Amino acid sequence: MIERALLEQFSTWSQAGEAMVLATVVGTDGSTYRKSGARMLIRADGRFAGLLSGGCLEGDLVTHAGEALAAGEARLVRYDMRDARHDELWGLGLGCNGLIEILLQPLVAAEAYRPFAEMAQRFLAGHRLVQLLVVASTDASTRPGASLLLDGEEQLVDGLPPGRIDALLQASREGLSGGARAGRITVGELDLVVLRLRPPPCLVLLGGGADADPVLRIASELGWETRVADHRPAYVARLHTAGFSQAHELTAGAPLPAALLEAADAVVIMSHHLQTDLHYLREVAESPVPYVGLLGPAARRDRLLERLGAEAARLGGRLHAPVGLRLGGEGPAAIALSILAELQGVLHRSPDHEPPA
């Protein structure tokens, strides 16, 4: 997953013409702060956005990023802290007992910030999955950092000889197993990194009362895209005043706009009005949204499902009601935390999450 804050920071820096490096974790072993697929951006002046460690590797990464920019080539950096003697020898003193490999890709205005600019453009346009192959070590015919971006049937090639594309496409299909976000493959003499990239999760709240605010704030901190909608004009106006730009006014009882649920990963229904929640449930049941949360106690859920009748079957195993994990605590902030904790587990397929019955 690429965090929305990283996309926004890239947009700001690229519009200013700043040279930067995209740092991506492409391999780990043992205990590490972030796992394969995690990313950060490092500017030429040493400023950075995102973290790949708890702050202990970033200073050294800034140095390596400067070297990658100076050389104009991608490179791999490897930190092996599984042996405490190496940890102390390198002077980092992390104590993590893990190995982490990081791919550094220079992004410069002269090359239109390829390939990250294309990825960012697609994600901001609502594309759900792209795959990227990046050359890490190479032969004489191909430069480090040459890439192949796959978006459905579309292929964007940057620096790869045409004669190698078919072999790379075949290797990319075999390069990642299951839900892996990053992997390594070899094609001839080329060592490549394969990355499966997803945009930030998209959360839609149906109901814009004051208890929606902490849900929106926490989701924003997680880097998610958020939308909120309500049929009460005063609620929508309050949300705009509070700084939530993606707040939409609905017409009571009317079908939900298709754009509201487009590419949504989760919907949480929280209008606190029985008839309105029934309408929202009926609308969402017709959608493909994979997660549907309903705020309120089990007795209220049962009343709504009874009124929904045969249409309730269309929700299948998607309905989480009451929404949220039982973490304890009271008040809007605690409820928001429980909702986002459950969503985090579901959307990231945590093995600790119990799916709904």
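If you're matching positions, the sequence shown starts at 0 in the working numbering and goes up one per residue.
From the three backbone atoms N, C-alpha and C, an ideal C-beta is built for every residue, glycine too.
Quick caveat: nothing in here was measured; it's all calculated off a predicted structure.
Q. I think LEU202 touches MET118, with their Cβ atoms under 8 angstroms apart; what is that distance to the nearest whole Å?
A. Rounded to whole angstroms, the Cβ separation of LEU202 and MET118 is 21 angstroms, and the two are not in contact under 8 angstroms.
Q: Quick one: residues in its chain with C-beta nearer than 7 angstroms to the C-beta of ARG113, no 5 flanking neighbours on either side, listed in chain order?
A: Around ARG113: ASP157.
(Q) Using 8 angstroms as the cut-off, can you tell me whether the segment 251-258 makes contact with the segment 208-224, which would need three or more C-beta pairs spanning the two stretches below that distance? (A) In the pairwise beta carbon analysis, the segment 251-258 is classified as not touching the segment 208-224: fewer than three pairs are separated by under 8 angstroms.
Q | Residues near ALA332 by beta carbon distance below 8 angstroms, same chain, minus five either side | A | Once the five neighbours on either side are set aside, the close Cβ partners of ALA332 are PRO213.
Q.
I'd like the span of the beta strand (DSSP E) that includes GLU224, first residue to last.
A. 224-229 is the extent of the beta strand (DSSP E) around GLU224.
(Q) I need the straight-line Cα distance from ARG281 to ARG231, nearest angstrom please. (A) Using only the alpha carbons, I get a separation of about 19 angstroms.
(Q) Let's see if you can read the secondary structure: which residues bound the beta strand (DSSP E) around THR185? (A) Segment 181-186, the beta strand (DSSP E) holding THR185.
Q: Compare the Cα-Cα distances from LEU293 to each of ALA73, LEU342 and VAL25 and report the closest residue.
A: With distances taken between Cα atoms, LEU293 lies closest to LEU342.
Q) When we look at the beta-carbon of GLY323 and count the other beta-carbons within 10 Å, is it buried (16 or more) or exposed? A) Label assigned to GLY323: buried.
Q: Closer than 6 angstroms by C-beta to LEU128: which residues in its own chain qualify, once you throw out the five before and the five after it? Chain order, please.
A: Closer than 6 angstroms at the Cβ level, and outside the excluded window around LEU128, lie ARG197.
Q) Apart from the five residues on each side of it in sequence, which residues of its chain come closer than 8 angstroms, Cβ to Cβ, to GLY97? A) Around GLY97: THR27, ASP28, GLY29, SER30, THR31, MET80 and ARG81.
Q: Would you mind giving the Cβ-Cβ distance between ARG42 and GLU17, rounded to the nearest angstrom? I have them listed as a contact below 8 angstroms.
A: At roughly 5 angstroms, the Cβ-Cβ gap stays under 8 angstroms, so ARG42 and GLU17 are in contact.
Q. Apart from the five residues on each side of it in sequence, which residues of its chain come closer than 6 angstroms, Cβ to Cβ, to GLN14?
A. Cβ within range, chain order: n/a, list empty.
(Q) Distance check for LEU277 and PRO354, CA to CA, integer angstroms please. (A) For PRO354, the predicted model reports a pLDDT of 42, less than 50, meaning its position is unreliable; a value from the coordinates is still stated below. Each residue's alpha carbon lies about 23 angstroms from the other.
Q: Confirm, please, whether the CB-CB distance from GLY54 to ALA4 is below 9 angstroms.
A: No, Cβ-Cβ distance for ALA4 and GLY54 is not below 9 angstroms.
Q.
In this structure, how does DSSP classify SER286 when only helix, strand and coil are distinguished?
A. Reduced to three states, the DSSP call for SER286 is coil.
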